[in-house]
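2 protein chains.
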Amino acid sequence: MPHDNCPSCAAPDLAFAAHDHGPCASDALARAIGILAAKGLRLTPVRRRTLEILLEGHRALGAYDVLSRLASEGFGAQPPVAYRALDFLEEHGLAHRIRRLNAFTACMHMGENHSAAFLICRVCNAISEAPATPSRAALDSAATAQGFTIESATIEALGLCPACQKAPLLKAPA
Amino acid sequence: MPHDNCPSCAAPDLAFAAHDHGPCASDALARAIGILAAKGLRLTPVRRRTLEILLEGHRALGAYDVLSRLASEGFGAQPPVAYRALDFLEEHGLAHRIRRLNAFTACMHMGENHSAAFLICRVCNAISEAPATPSRAALDSAATAQGFTIESATIEALGLCPACQKAPLLKAPA
DNA sequence: ACGTATATGTTATATCGTAACATTACAAGA
DNA sequence: TCTTGTAATGTTACGATATAACATATACGT
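Chain order of the listed sequences is A and B. Per the working numbering, the very first residue in the first sequence carries number 872; after that it's consecutive. Per the working numbering, the very first residue in the second sequence carries number 872; after that it's consecutive.
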């Protein structure tokens, strides 16, 4: 599969589809660099490395997983080092927090200022970002009916990715 | 407001509406008793008390909040006591886990075997259970498009309840 | 009453997250 | 270039959330 529409294609998402992940990740990094430059924000070494680590796969990593990677590469070894980098990435739309897993994953639609929904495979832990607009619209409407104003929404689904439905425990998409 | 349709009315949900919470809570408890009896499960003292504590308000409580209440009433004082009771209640549809807050709240639609969405007020911490069906349907459709099979979904919105939009920091619905 | 499954309680530890403060790198003006 | 304020990194220390493993007690069917 070409990466013409990767990693920030409009649709469909491709975390579960076979694809050449090298360009997928490096395109995302390039895009992140552009986005931060445009905002006058700095992609410092820790931040950049943190993003690269998240971009290694379409999966979620715990803050402490990221931290041990960073520490082993000479960065600080204390939790705030990882949390600050992850929070920064999340704040600027380059990563997402997956609440179900208390973990983080790289954003696959950087710069699109989207409301995301996540599909989380409980077997191989792969994560795909799905279009959340319809779901979010329905949620907004339910909220409005109660006079509630939504500021941010968490929409996450746990289940089985295509590969794990067929070959449980065997495959792990990049 | 009468509690004809409380706490397990079809719609709309009333966590944010003024209502007589006494019957709201005791009706829910009665319903829980019936549900468990029908399934041959036991609402033991810890479980019952845990549910009562959750039913005191339309809000989420952390496991340790519940634990300290239980402990002060003579139940066990160690985390598993609270987590087991909370997990039991959740497993049988009497309570929900609010991922966003790492907390738990009583279910307001016991026995309806529903997929729930939650509206969480970030000011007064009140929680309302909203109809999740439309939102969930949209999510299912997004999942199907990627060949993903959803087993369970987390749909939570953070924002402002009606009271806190008008009088921030002042009111706290029962 | 007995035996078994269920539930409760405990100790201990794992995992996740943040407050507070010291130090270092950076950019912008004198 | 030097200063100087701001942002970023690093540290210690701690708080909050959650579970594993095992001991004890309770309920229920026979």
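Every residue gets a Cβ at the ideal spot worked out from N, C-alpha and C, and that includes glycine.
Check                                                                                                                                    : Outcome
Chain B within 8 Å of Glu983 of chain A, Cβ atoms only                                                                                   : no
Rounded distance between the beta-carbons of Met979 of chain B and Arg901 of chain B, thought under 8 Å                                  : Per the sequence presented here, residue 901 of chain B reads as Ala, with Arg not at that position. Actually they are not in contact, since the Cβ atoms of Ala901 of chain B and Met979 of chain B sit about 14 Å apart, beyond 8 Å.
C-beta neighbour in chain A for Gly933 of chain B, strict 8 Å                                                                            : no
Sheet register partners of Ile991 of chain B (DSSP bridge)                                                                               : B:Ile998, B:Leu1029
Beta-carbon neighbours of Phe887 of chain A, restricted to chain B and to distances below 9 Å                                            : Gln1017, Gly1018, Phe1019
Beta carbon proximity, Ser986 of chain B to chain A, threshold 8 Å                                                                       : no
Same chain, Cβ closer than 8 Å to Ala813 of chain A, five either side skipped, listed in chain order                                     : The requested residue 813 of chain A does not occur in the structure, where chain A is confined to residues 872 to 1045.
Run of the alpha helix (DSSP H) containing Arg920 of chain B, from where it starts to where it stops                                     : 916 to 926
Same chain only: Cβ atoms within 8 Å of Ile906 of chain A, ignoring 5 sequence neighbours per side                                       : His963, Gly964, Leu965, Met981, Gly982
Neighbour list for Gly928 of chain A in chain B, Cβ cutoff strictly below 7 Å                                                            : Chain B residues near Gly928 of chain A: none, gap ~17 Å exceeds 7 Å.
Chain-order list of residues whose beta-carbon lies under 6 Å from that of Ile1026 of chain B (same chain, five-residue window excluded) : Ala988, Ala1003, Ser1006
Ile904 of chain B versus B:Ala1038, B:Leu914, B:Ile991, residue with shortest Cα-Cα distance                                             : B:Leu914
Neighbour-count burial assignment, Asn876 of chain A, 16 or more Cβ in a 10 Å radius                                                     : With a pLDDT of 36 at Asn876 of chain A, under the threshold of 50, the modelled position of this residue cannot be trusted; read the value that follows with caution. With fewer than 16 Cβ atoms within 10 Å of its Cβ, Asn876 of chain A is classed as exposed.
Coarse secondary structure for Phe959 of chain B, derived from DSSP in three states                                                      : helix
Closer than 8 Å at the beta carbon, the chain A residues around Leu957 of chain B                                                        : Near Leu957 of chain B there are no residues of chain A at all, since even the closest Cβ is about 17 Å away, more than 8 Å.
For Ile969 of chain B: DSSP bridge partner residues                                                                                      : B:Ala974
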